[in-house]
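**Student:** This is the structure I have questions about; it appears just below.
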Amino acid sequence: MKIARFSRLGFILAAAGSAVGLGNIWKFPYITGIYGGGAFVLIYLFTVLLIGFSVMIAEMLIGYMGRKDGVTSFEELAPKHSGMWKFGGFQGLAGLFIMTFYSVVIGWIFHYIATSIFYLPSSAKEAENVFTTMLHTGFTTQLFYHTVAFVWITYVVNKGIKGGIEKMNMILMPSLVIILSAMFVYATTLDTFSKAVDFMFLPDWSKINSEAFVTAVGHAFFTLSLGMGAIMTYSASLPKDANIVKNTLWVVFLDTTIAIVAGLMLFTFLYQYGAGPAKGPGLVFISLPAAFYEMGVLGNIFAVLFFIALAFAGLTSSVSLVEPMVQYFIDRSGWSRLKASVSMGLFFYLIGIIVILSNIDGYKEFLTWGGKNLFDWIDFTTAAIMLPFGGLIMAIFVGFVIDKKKVESIMRPQLKFAFDIWYFSLRYIVPVSMFVVMLNLMGII
Ligand code: PFF
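Numbering (numbering that gives the first Met the number 0), first residue to last: 0 to 444.
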């Protein structure tokens, strides 16, 4: 099966579109809020530079060399034990699991776009009521918007790499950057901007426990879309003469900048209008609307634009979460794109309904174990376990399994002297760090 190729800009926007998602604008600020700001941000930035960067180059390289769906690429690039290595490609399943809650959150965002046009809650208390009422009792509302997200995502994936994914990213990504930049510039004019800078950059190590550490590392993978084959699947459609290092630099730069810009902007608004860095997933749905209310009509405009930008970020990531398994079924099982897109869509859509129920009164009691409901469990196991594990497999695969000469012939001209550092990092730094994270996760250290 021949895969359509991205244009040069199309690839950067699609890969950045995958990376820049709910992770940057919804999740990053709220987990930064929970774990106390600066110290958490430092661990996250450090992981992005030390590990994320090397793993992204490795993941792009596997896709670029393999030119097929993830499973086939692993299989064909492994000189020995290809039957075992092909399981690396099944990491794509993590994407579908992520989609089960990702689509639900995009649904909440759609709902907030619609309601923020005319209404904003006048206090944090009221905002919390509105959000928790939707979360705990608004089954039909959530189902309706989850359905809209499912239809939109499935429609775009069905149109394919060029006509669907590239096209959507070419429009939504620049729009998102424009909206966020305008709001950020406004935030810099407020007095509380410097307070937000302090919160995000002055480390307070007292809030860092092992959970904070694992969450920061997991988030670095999640936000860069690493470890499940999204970047790999897109890279199978890279133009032949593409420069992997330059592409990686762009994606890491855009992803990190947008997370920091979104965080600074949100915390500035939250400090300025009273609420502070409130904790939890409700941050952008509770504290922020109440802050926007204080701005009057400008607040309504900001709220709608903000939620539109957030929806754009979520949609461009969603297609990359679904595409790896879609590509797999097209390449390996000979399915039509339509059949593959609809089947993968239904998979996350139907489980997503149970995810919605895991927050609904009367059901959530049955869908909660060990202090986390199904929603939180899927979020935690995919981001903190499956993605870092996938990243580890990719690092080892490029570092030890693919013939070094082949890797070197492509990567040395691009990385120059840094080739040896990168290769060393894949072989030793990434595996050792991931091992430490896993021990930590199992409570051993
Ligand atoms: N990077 C996306 C975000 O930050 O929201 C989420 C994501 C997309 C994770 C694609 C993994 C992936 F393969």
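Where a beta carbon is used, it is the ideal one built from N, C-alpha and C, also for glycine.
To the nearest angstrom, how far is it from the Cα of E322 to the Cα of L366?
**Tutor:** Reading the sequence shown from its first residue, position 323 is the one you call residue 322. Reading the sequence shown from its first residue, position 367 is the one you call residue 366. Cα-Cα distance, rounded: 28 Å.
**Student:** Residue ranges of each alpha helix (DSSP H) run of no fewer than 4 residues wholly in the segment 249-292, ordered along the chain?
**Tutor:** As far as the segment 249-292 is concerned, its whole alpha helix (DSSP H) runs of at least 4 residues are 286-292.
**Student:** Any idea what DSSP makes of T367, helix, strand or coil?
**Tutor:** The residue given as residue 367 occupies position 368 in the sequence shown. In this structure, T367 counts as strand in the three-state DSSP scheme.
**Student:** CA-CA distance, W84 and A57?
**Tutor:** The residue labelled residue 84 in the question sits at position 85 within the sequence shown. The residue labelled residue 57 in the question sits at position 58 within the sequence shown. Each residue's Cα considered, the two are about 15 Å apart.
**Student:** So, with DSSP's three-state summary, where would you put N439?
**Tutor:** Looking up residue 439 in the sequence shown gives position 440. In the structure shown, N439 sits in a helix (DSSP, three-state: H, G or I).
**Student:** Tell me which same chain residues have a C-beta within less than 6 Å of the C-beta of A308, skipping the five on either side of it?
**Tutor:** Translated into positions along the sequence shown, residue 308 becomes position 309. Within the same chain, A308 has close Cβ partners L175, I178 and L179.
**Student:** DSSP state of N372, grouped into three classes?
**Tutor:** Translated into positions along the sequence shown, residue 372 becomes position 373. It is a strand residue.
**Student:** I need the boundaries of the alpha helix (DSSP H) containing F305, first residue and last residue.
**Tutor:** Your numbering for residue 305 matches position 306 in the sequence shown. Segment V296 to S332, the alpha helix (DSSP H) holding F305.
**Student:** Use the C-beta contact count for S340: other C-beta atoms within 10 angstroms, 16 or more gives buried, fewer gives exposed.
**Tutor:** On the sequence shown, residue 340 is found 341 positions in, with the first residue counted as 1. S340 should be labelled buried.
**Student:** Mind checking whether A219 and V47 have CB atoms under 8 Å apart?
**Tutor:** The residue labelled residue 219 in the question sits at position 220 within the sequence shown. The residue labelled residue 47 in the question sits at position 48 within the sequence shown. In this structure, V47 lies closer than 8 Å to A219 by Cβ.
**Student:** Is T222 close to ligand 1? I mean its beta-carbon at under 7 Å from any heavy atom of the ligand.
**Tutor:** One-based indexing of the sequence shown puts residue 222 at position 223. Yes.
**Student:** Let's see if you can read the secondary structure: which residues bound the alpha helix (DSSP H) around W107?
**Tutor:** Locating residue 107 in the sequence shown gives position 108, where the first residue counts as 1. Per DSSP, W107 belongs to the alpha helix (DSSP H) from G91 to S115.
**Student:** Per DSSP, what kind of secondary structure is I207 in: helix, strand or coil?
**Tutor:** Taking the sequence shown and counting its residues from 1, the one referred to as residue 207 is at position 208. In the structure shown, I207 sits in coil (DSSP, three-state: anything other than H, G, I, E or B).
**Student:** Taking the straight line between their C-alpha atoms, what separation do you get for F446 and G82?
**Tutor:** Absent from the model: residue 446. The displayed extent of the chain is 0 to 444, so no value can be given.
**Student:** Do you know offhand how far F198's Cα is from M64's?
**Tutor:** Within the sequence shown, the letter at position 199 stands for residue 198. Within the sequence shown, the letter at position 65 stands for residue 64. Cα-Cα distance, rounded: 43 Å.
**Student:** When we look at the beta-carbon of N168 and count the other beta-carbons within 10 Å, is it buried (16 or more) or exposed?
**Tutor:** Sequence index remark: in the sequence shown, residue 168 carries index 169 (1-based). The residue is buried, with at least 16 neighbouring Cβ atoms inside 10 Å.
**Student:** In the structure shown, what three-state DSSP assignment does T31 receive?
**Tutor:** In the sequence shown, residue 31 corresponds to position 32, counting from 1. It is helical.
**Student:** How many angstroms separate the CA atom of K158 from the CA atom of Y348?
**Tutor:** The residue given as residue 158 occupies position 159 in the sequence shown. The residue given as residue 348 occupies position 349 in the sequence shown. Cα-Cα distance, rounded: 19 Å.
**Student:** Please state whether the Cβ-Cβ distance between I230 and A3 is less than 8 Å.
**Tutor:** Numbered from 1 along the sequence shown, position 231 holds the residue referred to as residue 230. Numbered from 1 along the sequence shown, position 4 holds the residue referred to as residue 3. Against a cut-off of 8 Å, the Cβ pair of A3 and I230 comes out as no contact.
**Student:** The alpha helix (DSSP H) with G51 in it runs from where to where?
**Tutor:** Here residue 51 refers to the residue found at position 52 of the sequence shown. Taken as a continuous stretch (DSSP letters only), G51 belongs to no alpha helix (DSSP H), as it is neither H nor E.
**Student:** Would you please state the rounded distance, in angstroms, between the beta carbons of T247 and F52? I believe it to be under 8 Å.
**Tutor:** Position 248 of the sequence shown, counting from 1, holds the residue named residue 247. Position 53 of the sequence shown, counting from 1, holds the residue named residue 52. Confirmed, Cβ separation roughly 7 Å.
**Student:** Give me, in chain order, the residues of the same chain whose beta-carbon lies closer than 8 Å to that of I428; leave out the 5 immediate sequence neighbours on both sides.
**Tutor:** Counted from its first residue, the sequence shown places residue 428 at position 429. Around I428: L49, I50 and S53.
**Student:** Could you name the residues of the same chain whose beta carbon sits closer than 7 Å to that of G298, not counting the 5 residues immediately before and after it, in chain order?
**Tutor:** Residue mapping note: residue 298 aligns to position 299 of the sequence shown, counting from 1. Around G298: L119, F291 and Y292.
**Student:** Do you know offhand how far F455's Cα is from S121's?
**Tutor:** Given that the chain is displayed from residue 0 to residue 444, the structure contains no residue 455 and the question cannot be resolved.
**Student:** From E127 to G281, what distance separates their C-alpha atoms?
**Tutor:** By one-based count along the sequence shown, residue 127 stands at place 128. By one-based count along the sequence shown, residue 281 stands at place 282. Whole-angstrom Cα-Cα distance: 8 Å.
**Student:** Could you give the residue range of the alpha helix (DSSP H) that holds R411?
**Tutor:** Looking up residue 411 in the sequence shown gives position 412. From DSSP, the alpha helix (DSSP H) with R411 extends over K403 to L414.
**Student:** In chain order, what residues of the same chain lie with their CB nearer than 7 Å to the CB of F311, ignoring the 5 residues before and after it?
**Tutor:** Here residue 311 corresponds to residue number 312 of the sequence shown, with the count starting at 1. So the list reads L171, S174 and L175, once near-sequence residues are dropped.
**Student:** As a quick exercise: from L391, L440, T140 and N439, pick the residue whose alpha carbon is nearest that of R426.
**Tutor:** On the sequence shown, residue 426 is found 427 positions in, with the first residue counted as 1. When each option's Cα is compared against that of R426, the closest is L391.
**Student:** Taking just the CA atoms, how far does R66 sit from S236?
**Tutor:** Counted from its first residue, the sequence shown places residue 236 at position 237. Counted from its first residue, the sequence shown places residue 66 at position 67. Those two C-alpha atoms are separated by around 7 Å.
**Student:** For the alpha helix (DSSP H) holding M167, just list the boundary residues, first then last.
**Tutor:** Along the sequence shown, one-based indexing puts residue 167 at 168. Counting along the chain, the alpha helix (DSSP H) containing M167 begins and ends at K166 to T187.
**Student:** Could you give the residue range of the alpha helix (DSSP H) that holds V354?
**Tutor:** The residue given as residue 354 occupies position 355 in the sequence shown. Residues R336 to L356.
**Student:** I want to check one thing, is the minimum distance from the CB of I97 to the heavy atoms of ligand 1 below 7 Å?
**Tutor:** Here residue 97 corresponds to residue number 98 of the sequence shown, with the count starting at 1. Yes; taking the cut-off as 7 Å, the Cβ of I97 has a heavy atom of ligand 1 nearer than that.
**Student:** Quick one: what's got a C-beta closer than 6 Å to A382's C-beta in the same chain, skipping five residues either side?
**Tutor:** Here residue 382 refers to the residue found at position 383 when the sequence shown is read from its first residue. Taken in chain order, the residues that qualify are G217 and F221.
**Student:** Is there at least one non-hydrogen atom of ligand 1 closer than 7 Å to the beta-carbon of L49?
**Tutor:** Here residue 49 refers to the residue found at position 50 of the sequence shown. Because no heavy atom of ligand 1 lies under 7 Å away, the Cβ of L49 does not count as near it: no.
**Student:** Got a sec: does ligand 1 put a non-hydrogen atom nearer than 7 Å to the Cβ of L21?
**Tutor:** Counting from one through the sequence shown, the residue named residue 21 turns up at place 22. Yes, the beta carbon of L21 sits closer than 7 Å to at least one heavy atom of ligand 1.
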